[in-house]
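Chemist: For the sequence shown, the working numbering begins at 8 and goes up steadily by one.
Ideal Cβ placement from N, Cα and C applies to all residues, glycine included.
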Amino acid sequence: MVTTSATGTNLGQSILTASNAGSGVDTASLVSSLVQAQFAAKNAALTKQENTLTAQISSVAKVQSGITGFAAGLKSLVKGGSLVTQPTSSDSAVLTASALPGAKLSGLSASIEVTRLATPQIATTATPFASRTTTIGTGTLTLTFGTGTVSNGALTGFTAGPASAIEIPIDSSNQTLDGVAKAINAKAAGVTASVVTDADGTARLTLKGATGSVQAFTLSGDTPGLAQLNVGVGEGATAIGSAAQNAQLKLDGVAVERASNTVTDLIDGVKLNLASAAVGKTVTLGSSTPTAGLSQAVTDFVDTFNQLQAILKSETDSATGPLRKDYNATGLSRALRGLTLTTLTTNAAAGAPTNLSAIGVSTNRDGTLSVDSARLAAVLASNPDGVEALFADGTGASGGGIAAALDAISTAAVDKAVTVNGKTERIGLVGSAALYTAAKTRVTDSEAKVATDTTAYQERLTKQYAASDARVAAYKASQTALTNQIAQWNKSSA
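#1: Which complete beta strand (DSSP E) runs does the region 383-431 hold, if anything under 3 residues is left out?
#2: Assuming residue 90 contacts residue 81 under a Cβ cut-off of 8 Å, what Cβ separation, rounded to an integer in Å, is found between them?
#3: Which same chain residues, not among the five before or five after residue 56, have their C-beta less than 6 Å away from its C-beta?
#4: What residue does the alpha helix (DSSP H) around residue 322 start on, and which one ends it?
#5: Nearest-angstrom Cα distance between residue 69 and residue 335?
#6: For a test of the three-state rule: what should DSSP assign to residue 257, helix, strand or coil?
#7: Once DSSP output is grouped into helix, strand and coil, what is the label at residue 352?
#8: Distance, Cα to Cα, residue 28 vs residue 65?
#9: With a threshold of 7 Å, establish whether the CB of residue 213 neighbours any heavy atom of the ligand SAH.
#10: Report the residue from 118, 209, 146 whose alpha carbon sits nearest the alpha carbon of residue 136.
#11: Can you say whether residue 505 is buried or exposed, counting buried as having 16 or more other CB atoms within 10 angstroms of its CB?
#12: What are the complete beta strand (DSSP E) segments, minimum 3 residues, inside the region 104-152?
#13: Counting pairs of beta carbons, one from the region 155-162 and one from the region 233-249, are three or more of them closer than 8 Å?
#14: Check whether the Cβ atoms of residue 382 and residue 406 lie closer than 8 Å to each other.
#15: What separation, rounded to the nearest whole angstrom, lies between the Cα atoms of residue 428 and residue 460?
#16: How long is the line joining the alpha carbons of residue 374 and residue 102, rounded to whole angstroms?
#17: Use the C-beta contact count for residue 490: other C-beta atoms within 10 angstroms, 16 or more gives buried, fewer gives exposed.
#18: At 4 residues or longer, what runs of the alpha helix (DSSP H) sit wholly inside the region 56-92?
#19: Going by C-alpha distance, which of 113, 63, 456 is nearest residue 440?
#20: Please state if the CB of residue 128 and the CB of residue 216 are separated by a distance shorter than 8 Å.
#21: Going straight from the alpha carbon of residue 147 to that of residue 180, what length do you get?
#22: I want to know whether the region 392-400 touches the region 356-371 - three or more CB-CB distances under 8 Å.
#23: Hey, quick one: how far does the beta strand (DSSP E) through residue 278 stretch, first residue to last?
#24: In its own chain, which residues sit with a C-beta less than 6 Å from the C-beta of residue 203, not counting the 5 before and 5 after it?
#25: Mapping the DSSP letters down to three states, classify residue 332 as helix, strand or coil.
#26: Mind checking if residue 429 is an interface residue toward chain D, Cβ cutoff 8 Å exclusive?
#27: Between which two residues does the beta strand (DSSP E) carrying residue 162 extend?
#28: Is it right to say residue 493 is buried, meaning 16 or more other beta carbons lie within 10 angstroms of its own, or is it exposed?
#29: Rounded to whole angstroms, what's the CA-CA distance from residue 358 to residue 72? Just pull it up for me.
#30: Quick check on residue 333: buried or exposed, where buried means 16 or more other Cβ atoms within 10 Å of its Cβ?
#31: If you draw a straight line from the alpha carbon of residue 293 to that of residue 114, how long is it in whole angstroms?
#32: Note down, in chain order, each residue of its chain lying with its Cβ closer than 6 Å to the Cβ of residue 339, except the 5 sequence neighbours on either side.
#33: Over the uninterrupted alpha helix (DSSP H) stretch that includes residue 449, give me the two end residues.
#34: What are the boundary residues of the alpha helix (DSSP H) that residue 177 is part of?
#35: Alpha carbons only, please: which of 169, 468, 475 is nearest the one belonging to residue 45?
#36: Note down, in chain order, each residue of its chain lying with its Cβ closer than 7 Å to the Cβ of residue 404, except the 5 sequence neighbours on either side.
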């Protein structure tokens, strides 16, 4: 919106008011009318441009937010795992199971017996220290990993592994139990140290390794003070509360061991979390397809899609839409119209759905989607794995699932990089917003120039009419003097 300078206007009005007595013409109103006539059309055009660009910038933001929010929400749903077949356990007190990313678990059937859990070696100083800040002594602690045997709370055998021993220096700054614990933990070597205090204030050092039979460890100090913390064969300074052991289980009768209670490489696509040992008890694994979740996901997808299409229809309306001539916005609308026929899975089994149309989702004449609930229910009943595959967590504009296809459309419509003559440029709605913003800046600059020109023109007219009025006043004064002189002459001659 263009405005004139208040100071210039008031000054001009004062000059004209003082000089109007000469001509008798309302030159202030005349100047105002002339200025208005000179710049009215230009001001109106600039205001219209500014309003149009403001609406376009707002519309781009609305459309961009709609498509990116839709794509991100669908991607989050797919990655959450609620739309994929999950393994089931007949006894969660013994073990639980979950699907690994990308797993296809239809028809999963297995029996597992957990005979032993994986455990870590835990060693605690046998004799308590006066307090956690008791001075122990300086020197070097050496931590060695390997395999060991434990009997009656003592390490009865140990074979060092191939890894190099770890040296932990202890000096005057950390020669207490707390200091030693911090020094061991700082090495992040696989043994966690903590200080446990009793009600009387006495303290013990506890060392805990990782699970697995090759995670047994010894600790030796090279000075008498640090030797009070020794862990090893024949060492009485510490007691072994738990031995380093592998988990032992049977899969369909075949005995296997794993170093951890979290097992991801025993059954393809399945993550097992072992909770307790149950010798002689078989836990059955099966699978459950989330048909209700998939049906709801299709319905929610269509509803959200239609909300986005409503925004696009309004913003690109051929008569009133701010983005009716925006190629990126209209291109997005066209891309979305083809989504129901986009191939979403590759290498599908014969008869399996490969696109949304195959499960009852169709595009209406106005670009919105509709769901044939009966058709969707029938496909879910006959081919649930095929519907699940449409919601796979993949990548690419086709073949990677509906979330990947929508994400590809969103990326292309919002902010896609292209190379033109060796130069990378951003196109899409981001580019549209940049163009509209730059155009609005130019309009603002033009408005500022018009305001300056208006003030200058008004001041110039004010000065011109003030000078003209002064000349008229002088002519009137001369006329009055001449008239008076003639009257005197006539009076004298009479």
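Modeler: Reading off the structure:
#1: 423-427
#2: With a Cβ gap of about 10 Å, residue 90 and residue 81 do not count as contacting.
#3: 450
#4: 298-322
#5: For residue 69 and residue 335, the distance between alpha carbons rounds to 13 Å.
#6: strand
#7: strand
#8: In this predicted model, residue 28 has a pLDDT of only 47, less than 50, meaning its place in the structure is not dependable enough to derive any value.
#9: Judged by which ligands are present, the structure shown has none, so any question about the ligand SAH falls away.
#10: Comparing Cα-Cα distances from residue 136 to each of 118, 209, 146, the minimum goes to 209.
#11: No answer is possible for residue 505: it lies beyond the span of the chain, which begins at 8 and ends at 501.
#12: 117-123, 127-132
#13: Two segments are said to touch when three or more pairs of C-beta atoms, one from each, lie closer than 8 Å; by this definition the region 155-162 touches the region 233-249.
#14: no
#15: Distance between the alpha carbons of residue 428 and residue 460: 41 Å.
#16: 49 Å
#17: exposed
#18: Segments of the alpha helix (DSSP H) lying fully in the region 56-92: there are none.
#19: 63
#20: Less than 8 Å separates the beta-carbon of residue 216 from that of residue 128.
#21: Taking the straight line from one Cα to the other gives about 13 Å.
#22: yes
#23: That run of the beta strand (DSSP E) goes 277-281.
#24: 211, 213
#25: coil
#26: Included in the structure is just one protein chain, with no chain D present.
#27: 161-167
#28: Around the CB of residue 493, fewer than 16 other CB atoms lie within 10 Å, so the residue is classed as exposed.
#29: Rounded to whole angstroms, the gap between the alpha carbons of residue 358 and residue 72 is 37 Å.
#30: buried
#31: When rounded, the distance between both Cα atoms is 7 Å.
#32: 420
#33: 436-500
#34: Boundaries for residue 177: no alpha helix (DSSP H) harbours it, while the beta strand (DSSP E) harbouring it runs 173-177, taken from the DSSP string.
#35: Closest by alpha carbon: 468.
#36: 412, 415
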